[in-house]
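Residue numbers are given in the working numbering: position 45 of the sequence shown equals residue 344, and the series is strictly consecutive.
Glycine included, every Cβ here is placed at the ideal spot set by N, Cα and C.
One structure is given below, encoded as structure tokens.
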Amino acid sequence: MKKPVLEVNQLQTHFFTDRGEVPAVDNVSFEIHSGEVLGVVGESGCGKSVTSLSVMGLIPKPPGKIVGGEILFRPQQDEGEKEENLVKVSKKRMRQIRGNQIAMIFQEPMTSLDPLYKIGYQIIEGVRNHRAVSKKEGRQIAIDMLKLVGIPRAEEIVDEYPHQLSGGMRQRVMIAIAMACDPEVLIADEPTTALDVTIQAQILELMKKLNREKGTAIMMITHDLGVVAEMCDRVVVMYAGKVVEQGDVRTILKSPKHPYTQGLIRSLPKMGKRESRLYSIPGNVPKPGSIKNGCRFAARCPAVFDRCYQENPELIEMKEGHACRCFLYDSKEAEVSHV
300 MKKPVLEVNQ
310 LQTHFFTDRG
320 EVPAVDNVSF
330 EIHSGEVLGV
340 VGESGCGKSV
350 TSLSVMGLIP
360 KPPGKIVGGE
370 ILFRPQQDEG
380 EKEENLVKVS
390 KKRMRQIRGN
400 QIAMIFQEPM
410 TSLDPLYKIG
420 YQIIEGVRNH
430 RAVSKKEGRQ
440 IAIDMLKLVG
450 IPRAEEIVDE
460 YPHQLSGGMR
470 QRVMIAIAMA
480 CDPEVLIADE
490 PTTALDVTIQ
500 AQILELMKKL
510 NREKGTAIMM
520 ITHDLGVVAE
530 MCDRVVVMYA
540 GKVVEQGDVR
550 TILKSPKHPY
560 TQGLIRSLPK
570 MGKRESRLYS
580 IPGNVPKPGS
590 IKNGCRFAAR
600 CPAVFDRCYQ
610 ENPELIEMKE
620 GHACRCFLYD
630 SKEAEVSHV
């Protein structure tokens with residue numbers, strides 16, 4: 300089996316503020332293989348977007364900084380290229396990789412697209428930064444990409460401005476920009492947020508098509524477990540900057556082990572079942588760095604006991620490919636081992 304195209308090991312991203320050092324991402328590890336869709340789920344404030352920005356080299360400095368760990372990128376298309384640690388590469392090299400071999404679809408297309416430039420120019424700009432193409436060739440690439448993502452009247456849309464398009468079409472343009480250079484890794488940060496369900500289904504179908512036909516590895520950041528069930532092969536569940544559970548999508552959705560994952564799944568409304576009140580996990584995600592000792596989910600956990608407030612749980616392997624960060628499974632009887 301080939302090595303993963305992207306491997307994140309013990310990533311630590313901190314922000315340095317007037318109130319001290321804040322660990323937004325704390326020893327996060329995961330990997331993505333070519334042709335795979337990895338879902339990263341959790342509530343707002345769990346470190347999902349900061350993890351993706353760390354991979355892209357877009358953490359603002361100051362106040363942010365990657366203080367530990369490594370991000371290994373292994374290009375699969377060109378056998379001559381070697382493994383690179385994106386934490387240590389130069390700014391120039393990172394600019395060559397970003398948008399070309401690793402691309403990102405940002406959460407809000409209206410703030411990510413420049414309102415002063417036409418759609419075609421914004422697609423062409425990324426292509427011409429990485430490839431030697433003329434304006435005429437670039438324009439044709441832009442039209443072809445708009446057609447690929449299902450935008451009608453591509454020859455006309457290429458000369459329009461972002462404000463002239465609907466939210467769904469702007470999101471398709473963002474996907475077209477990200478896919479223009481045929482990247483090996485595509486990071487999608489909540490790509491269907493604020494879109495109606497019909498457009499959401501079309502965007503997800505488009506991403507599945509790109510993944511299937513081009514073998515693009517996709518890192519799907521979302522809080523929607525319905526999207527995870529529809530799109531993903533494996534899932535990483537994050538809470539307060541840490542990975543609390545990871546495994547294949549069927550295992551996570553059918554047999555979740557961590558109380559947080561169980562709470563997320565229990566929060567979903569069930570078809571055909573009427574309830575007077577939907578379940579929600581009590582409390583809120585703690586501020587990064589506010590909990591020094593103990594499990595970060597302890598204050599909200601229905602299965603909490605004394606040890607949870609005193610020690611930090613390790614990620615424990617339940618079975619091959621499935622791991623959970625919880626003291627409930629840290630025993631000899633469970634026949635589990637530390638990762």
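(request) Whole angstroms is fine: what's the gap from isoleucine 450's alpha carbon to proline 362's? (result) Position 151 of the sequence shown holds residue 450. Position 63 of the sequence shown holds residue 362. One C-alpha to the other measures close to 39 angstroms.
(message) Please report the straight-line C-alpha distance between threonine 560 and methionine 537, rounded to a whole angstrom.
(response) On the sequence shown, position 261 is the one that residue 560 refers to. On the sequence shown, position 238 is the one that residue 537 refers to. Taking the CA atoms as reference points, threonine 560 sits about 9 angstroms from methionine 537.
(message) Looking at the strands, I want to know which residues DSSP matches up with glycine 363.
(response) Counted from its first residue, the sequence shown places residue 363 at position 64. Phe314.
(message) For valine 354 and valine 307, what's the separation of their Cα atoms in angstroms?
(response) Numbered from its first residue, the sequence shown carries residue 354 at position 55. Numbered from its first residue, the sequence shown carries residue 307 at position 8. Within the model, the alpha-carbon separation for valine 354 versus valine 307 is close to 8 angstroms.
(request) Within the segment 506-540, note down every full alpha helix (DSSP H) run reaching 4 residues or more, in order along the chain. (result) As far as the segment 506-540 is concerned, its whole alpha helix (DSSP H) runs of at least 4 residues are 524-530.
(message) Using C-beta distances below 6 angstroms, list every residue in its chain close to isoleucine 498, excluding the 5 sequence neighbours before and after it, in chain order.
(response) In the sequence shown, residue 498 corresponds to position 199, counting from 1. The residues are Gly467.
(request) Take methionine 617 and list the residues in its own chain whose beta-carbon comes closer than 7 angstroms to its own, dropping the five residues that flank it on each side. (result) Within the sequence shown, numbered from 1, the residue matching residue 617 stands at position 318. Counting only residues of its own chain and dropping the five nearest sequence neighbours on each side, methionine 617 has a CB closer than 7 angstroms to the CB of Lys556, Cys623, Tyr628 and Val635.
(message) I believe isoleucine 659 touches glutamine 311 by the beta-carbon criterion, under 8 angstroms. Please report the beta-carbon distance rounded to the nearest angstrom.
(response) Absent from the model: residue 659. The displayed extent of the chain is 300 to 638, so no value can be given.
(request) Assess, as a yes-or-no matter, whether the segment 467-486 is touched by the segment 521-532 under the definition of 3 or more beta carbon pairs within less than 8 angstroms. (result) No: fewer than three Cβ pairs fall under 8 angstroms.
(request) Would you list the one or two residues that DSSP bridges to phenylalanine 372? (result) Against the sequence shown, residue 372 aligns to sequence position 73. BP columns for phenylalanine 372 point to Leu305 and Glu383.
(message) So, with DSSP's three-state summary, where would you put lysine 569?
(response) Locating residue 569 in the sequence shown gives position 270, counting from the first residue. In this structure, lysine 569 counts as coil in the three-state DSSP scheme.
(request) Quickly, what does DSSP pair isoleucine 397 with across the bridge? List them, please. (result) The residue labelled residue 397 in the question sits at position 98 within the sequence shown. Rather than isoleucine, the amino acid found at residue 397 in this sequence is arginine. DSSP lists Ile401 as partners of arginine 397.
(request) Closer than 8 angstroms by C-beta to glutamine 501: which residues in its own chain qualify, once you throw out the five before and the five after it? Chain order, please. (result) Sequence index remark: in the sequence shown, residue 501 carries index 202 (1-based). Here the set comprises Gly449 and Gly467.
(message) Checking the sheet assignment: what are the DSSP bridge partners for aspartate 547?
(response) For this step, residue 547 is matched to residue 248 along the sequence shown. DSSP lists Arg533 as partners of aspartate 547.
(message) Quick check: what's the CA-CA separation for methionine 530 versus proline 461?
(response) Counting from 1 along the sequence shown, the entry for residue 530 is found at position 231. Counting from 1 along the sequence shown, the entry for residue 461 is found at position 162. The alpha-carbon of methionine 530 is positioned some 28 angstroms away from that of proline 461.
(message) Which of the three DSSP states is assigned to glutamate 320 in this structure?
(response) Locating residue 320 in the sequence shown gives position 21, where the first residue counts as 1. The answer is strand: DSSP assigns glutamate 320 an E or B state.
(message) Three or more C-beta pairs under 8 angstroms: does that hold for the segment 421-436 against the segment 502-520?
(response) By the criterion of at least three beta-carbon pairs nearer than 8 angstroms, the segment 421-436 is not in contact with the segment 502-520.
(request) Identify whether cysteine 607 lies in helix, strand or coil by the three-state DSSP scheme. (result) Reading the sequence shown from its first residue, position 308 is the one you call residue 607. DSSP places cysteine 607 in helix when its eight states are reduced to three.
(message) Output needed for valine 336: all residues of its chain with C-beta closer than 7 angstroms, excluding positions within five of it in sequence on either side, in chain order.
(response) For the purposes of this step, residue 336 is identified with residue 37 of the sequence shown, where counting begins at 1. Cβ contact annotation for valine 336 (same chain, cutoff 7 angstroms, sequence separation greater than five): Asn510, Ile517, Met519, Met530, Cys531 and Asp532, in chain order.
(request) Taking glycine 419 and valine 457 to be in contact with their CB atoms under 8 angstroms, please state how far apart those CB atoms are, rounded to whole angstroms. (result) By one-based count along the sequence shown, residue 419 stands at place 120. By one-based count along the sequence shown, residue 457 stands at place 158. Indeed, because the Cβ distance is near 4 angstroms, the residues count as touching under 8 angstroms.
(request) Indicate whether alanine 333 and valine 304 have their beta-carbon atoms separated by less than 8 angstroms. (result) Taking the sequence shown and counting its residues from 1, one reaches residue 333 at position 34. Taking the sequence shown and counting its residues from 1, one reaches residue 304 at position 5. Sequence inspection shows serine at residue 333; the alanine mentioned does not correspond to that position. A distance below 8 angstroms separates the beta carbons of serine 333 and valine 304.
(request) Could you tell me if valine 496 is buried or exposed, where buried requires 16 or more neighbouring beta carbons within 10 angstroms of its beta carbon? (result) Translated into positions along the sequence shown, residue 496 becomes position 197. Exposed, since its Cβ has fewer than 16 Cβ neighbours within 10 Å.
(request) Specify, as a first and last residue, the run of the beta strand (DSSP E) that threonine 450 falls within. (result) In the sequence shown, residue 450 corresponds to position 151, counting from 1. Checking the sequence, you will find isoleucine at residue 450 rather than threonine. According to the DSSP assignment, isoleucine 450 belongs to no beta strand (DSSP E), since it is labelled neither H nor E.
(message) Do proline 408 and glutamine 463 have their beta-carbon atoms positioned less than 8 angstroms apart in this structure?
(response) Looking up residue 463 in the sequence shown gives position 164. Looking up residue 408 in the sequence shown gives position 109. No, the pair does not count as a contact, with Cβ atoms beyond the cut-off.
(message) Going by DSSP, what residue range makes up the beta strand (DSSP E) through glycine 338?
(response) By one-based count along the sequence shown, residue 338 stands at place 39. That run of the beta strand (DSSP E) goes 336-340.
(request) Quick one: using the 10 Å Cβ neighbour count with 16 as the cut-off for buried, is leucine 415 buried or exposed? (result) For the purposes of this step, residue 415 is taken as the residue at position 116 of the sequence shown. Per the 10 Å Cβ criterion, exposed.
(message) In this structure, how does DSSP classify histidine 332 when only helix, strand and coil are distinguished?
(response) Position 33 of the sequence shown, counting from 1, holds the residue named residue 332. If DSSP states are grouped into helix, strand and coil, histidine 332 belongs with coil.
(request) Would you kindly work out how many angstroms separate the C-alpha atoms of phenylalanine 596 and valine 543, rounded to a whole number? (result) By 1-based counting over the sequence shown, the position of residue 596 is 297. By 1-based counting over the sequence shown, the position of residue 543 is 244. Looking at the backbone, the Cα of phenylalanine 596 and that of valine 543 are separated by about 9 angstroms.
(message) Quick check on aspartate 481: buried or exposed, where buried means 16 or more other Cβ atoms within 10 Å of its Cβ?
(response) Counting from one through the sequence shown, the residue named residue 481 turns up at place 182. Per the 10 Å Cβ criterion, exposed.
(request) Would you grab the beta carbon distance between glutamine 395 and proline 374 for me? Rounded to a whole angstrom, and I think it's under 8 angstroms. (result) Locating residue 395 in the sequence shown gives position 96, where the first residue counts as 1. Locating residue 374 in the sequence shown gives position 75, where the first residue counts as 1. With a Cβ gap of about 12 angstroms, glutamine 395 and proline 374 do not count as contacting.
(message) If you reduce the DSSP assignment to three classes, tell me which class valine 496 lands in.
(response) Sequence index remark: in the sequence shown, residue 496 carries index 197 (1-based). The answer is helix: DSSP assigns valine 496 an H, G or I state.
(message) For leucine 577, count the other beta carbons within 10 Å of its own beta carbon; 16 or more makes it buried, fewer makes it exposed. Which is it?
(response) For the purposes of this step, residue 577 is taken as the residue at position 278 of the sequence shown. With fewer than 16 other Cβ atoms from the protein chains shown falling within 10 Å of its own Cβ, leucine 577 counts as exposed.
(message) Under DSSP, the alpha helix (DSSP H) around lysine 347 begins and ends at which residues?
(response) Along the sequence shown, read from residue 1 onward, the residue named residue 347 stands at position 48. Note, lysine 347: alpha helix (DSSP H), 347-355.
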